[in-house]
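Just below is one structure, and these are the notes that go with it.
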Amino acid sequence: MNKIISLDEFSRQVKEGVKVGIGGFDLHRKPLALVLELSENAQLRNLELFGISLALEADILIGSGQAKRIISSYTGLENFGQCYFFREGVEERRVEPIEMSTYATILSLQAGALGIEYLPSKTMLHSDMAKNNPLVKIIESEFTGEKLSAIRAYNPDIALIHAQEADEEGNVRITSPPATKVDEYLARASKKTFVSVERIIDKIENPTISGLYTTGIILLPGGSAPTSLYPQHDIDAIAMKLYGQGSKGRDLKYCKEVIRNAIERRRKD
Amino acid sequence: MQLKEGEKISIIGARQLAGEDYFFAGHGFPVLSAILAKRLYNPNLKICFESGAIYSNPERLPHSVSDIINYSSSQFPLDLPEAFAMLERGEVDVVGLSGAQVDTMGNINSTLINIEGKIKRLPGSGGACDFASLSRKEYIFMFHEPRRLVEKVDYITSPGLQTRPDKKIKLITNYGVFKIGERGVEALILASDAEPEKVKNSASFNLDIRGDAKRLEDFTTEEINLLRKLDVWGIVHR
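In the order they appear, the protein sequences are chains A and B.
Once you know that position 70 of the first sequence is 999 in this note's numbering, the rest is easy, because the numbers rise by one and skip nothing.
Once you know that position 24 of the second sequence is 26 in this note's numbering, the rest is easy, because the numbers rise by one and skip nothing.
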């Protein structure tokens, strides 16, 4: 079965109110071309965003008024500033944040991928983030009686991932870490997984993500700019800086333009 | 040479890391101090990042925790789950963190600030809560200001002394090095130009400064020049 689809076909399969798992990590390998496409669909609202560490991709969807909830350990631009649409959305209570640590988000996806209810860890035990958190419960070990955080499985309705290459059967290769393993958990945990790629090749041996777990492959070279794509592309620091300024000024149109231009530049690279 | 307050934090932190073997570095001051320490005092320091870049040696302040220079300079470029599992298993139990507020229990807030009922939202903590929850020894890097050194943080993002009985926490500020323990916060080492009264008055909690607190040697030109080369854009230094 040929899994290569157009951007339009992808867009049609994403419905209002779905849980969106965002691949990549921090300022690395974020599925920005896919997110830009979704941000143009004004009908698409009430999304729940999940990511281990989110940045401009979440900021854009919040700025477009499309997200009602955000589950993450971080939402910011690191050295390049803050995500002001996120910040304002949370401060004005339009967006509900569910606070997680990075490890907890990973364990959520891993439990989701394994098909089990939760995974235990000693993280978050004494943190306020664990209070009233639908994904975290403090339990006692059946073996030692020790207190543990039970991190509940998370299963997104759709996953958005950017990768280096895929084949027609939907096998995907991500050439190096970080977040390679986490994206594999994400694909397995999600009901549908869409992957934008730099190129389509004939056959991928030993894929990072098996075609068994992917729904659609979209050819979108440069699709993770301005975030990095290790080892081929470093962060586009100029675009990130401009995005930071645009977000601070709450200029959504400008922010999208910055991303679009960064993708276009990298595509021609 | 006139130093910025942030530069003092990075250099004081680097000197503290002279005796460590392993160090999980949070973004900002901790990573900068670690790189500086590795170049000047402790070439064998094994710098680890939550992204999975293990035994890393970046040539400048990374743009972010996921910056590819952490990987290209890493002896073991693993992935996120392995990095956190190293902490959970206790293999690496020394970490460096920063945040917006710290309190007398060593709790760190990176989530929100409550200004008279009005919430100011911060970006969040990434892996900091994991670092704090799963480590034995913690270095907390913070500007020495009353709004940051508080009796009780507005929100416990990364928990402190309550995580384990043998927890050790050192607070690194632009005024020196302080121990956060069961008996409160006490000065261990003060910067050569730090006046005790000013140091005390610049914290909102009670700070114990005894006569036996050591004095830090003056900052060197070598430290300052290298630091400025590492933080090319002056990101963490103000």
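All C-beta atoms in this analysis are idealised placements derived from N, C-alpha and C, irrespective of residue type, glycine included.
Predicted model, so just to flag it, every value in this text is computed and none were measured.
If residue 1159 of chain A and residue 1042 of chain A are in contact, beta carbons under 8 Å, what's the gap, nearest whole angstrom? The pair is not a contact, with the Cβ atoms about 23 Å apart (cut-off 8 Å).
Tell whether a beta-carbon distance below 8 Å holds between residue 974 of chain A and residue 995 of chain A. yes
Tell me residue 979 of chain A's beta-bridge partners as DSSP assigns them. A:950 and A:1000
How many Å lie between residue 11 of chain B and residue 34 of chain B at the Cα? 10 Å
Is the Cβ-Cβ distance between residue 121 of chain B and residue 1028 of chain A less than 8 Å? no
Does residue 18 of chain B pass the burial test, meaning 16 or more other C-beta atoms within 10 Å, or should it be called exposed? buried
Does the beta-carbon distance from residue 1184 of chain A to residue 989 of chain A come in below 8 Å? yes
Between the beta-carbon of residue 55 of chain B and the beta-carbon of residue 47 of chain B, is there less than 8 Å? no
Whose CA, out of B:168, B:180 and B:210, lies closest to the CA of residue 139 of chain B? B:168
Of all Cβ atoms in chain A, is any one closer than 8 Å to the Cβ of residue 136 of chain B? yes
Assuming residue 1173 of chain A is part of the alpha helix (DSSP H), what are its boundary residues? 1166-1177
Does the contact criterion of 3 or more C-beta pairs under 8 Å hold for the stretch 164-180 of chain B versus the stretch 113-132 of chain B? no
Beta-carbon separation of residue 1047 of chain A and residue 1079 of chain A under 8 Å? yes
Using the beta-carbon count (16 or more within 10 Å), is residue 180 of chain B buried or exposed? buried
What are the start and end residues of each continuous beta strand (DSSP E) run of 3 or more residues lying completely inside the stretch 77-125 of chain B, in chain order? 96-100, 114-117 and 120-123
If you draw a straight line from the alpha carbon of residue 94 of chain B to that of residue 137 of chain B, how long is it in whole angstroms? 8 Å
Is residue 1088 of chain A buried or exposed, if buried means 16 or more other CB atoms sit within 10 Å of its CB? buried
Cβ of residue 11 of chain B within 7 Å of any heavy atom in the ligand MN? Among the components modelled here there is no ligand, and therefore nothing to report on the ligand MN.
Tell me, to the nearest whole angstrom, how far the beta carbon of residue 1101 of chain A is from that of residue 1092 of chain A; I am working on the premise that it is less than 8 Å. 5 Å
Residue 1153 of chain A versus A:1188, A:1071 and A:935, residue with shortest Cα-Cα distance: A:1188
Determine the contact status of residue 1177 of chain A and residue 1018 of chain A, defining contact as a CB-CB distance below 8 Å. no
Spatial neighbours of residue 232 of chain B within its chain, please: CB distance less than 7 Å, with the 5 preceding and 5 following residues excluded, ordered by chain position. 34, 37, 38, 62 and 63
Could you compute how far the alpha carbon of residue 978 of chain A sits from the alpha carbon of residue 1023 of chain A? 14 Å
8 Å Cβ cutoff, residue 1042 of chain A in contact with chain B: no
Contact set between residue 1092 of chain A and chain B, taken where Cβ atoms lie within less than 9 Å: Those within 9 Å of residue 1092 of chain A in chain B number zero; the least Cβ separation is about 15 Å.
Please tell me whether residue 113 of chain B has its Cβ less than 8 Å away from any Cβ of chain A. yes
Spatial distance of residue 223 of chain B from residue 193 of chain B (CA atoms): 16 Å
What's the gap between the Cα of residue 942 of chain A and the Cα of residue 1119 of chain A? 14 Å
For residue 1081 of chain A and residue 14 of chain B, I'd like the C-alpha separation in whole angstroms. 40 Å
Where residue 30 of chain B and residue 100 of chain B are concerned, what is the direct C-alpha to C-alpha distance, given to the nearest angstrom? 8 Å
On the three-state DSSP scale, how would you describe residue 173 of chain B? strand
Per-residue contacts from residue 164 of chain B into chain A (C-beta, under 7 Å): 1055
Quick one: grab the DSSP three-state call for residue 1122 of chain A. strand
Closer than 8 Å, CB to CB, is residue 105 of chain B near chain A or not? no
Can you name the start and end residues of the alpha helix (DSSP H) that residue 1041 of chain A belongs to? 1031-1043
Measuring CB to CB, does residue 1049 of chain A end up less than 8 Å from residue 1035 of chain A? no
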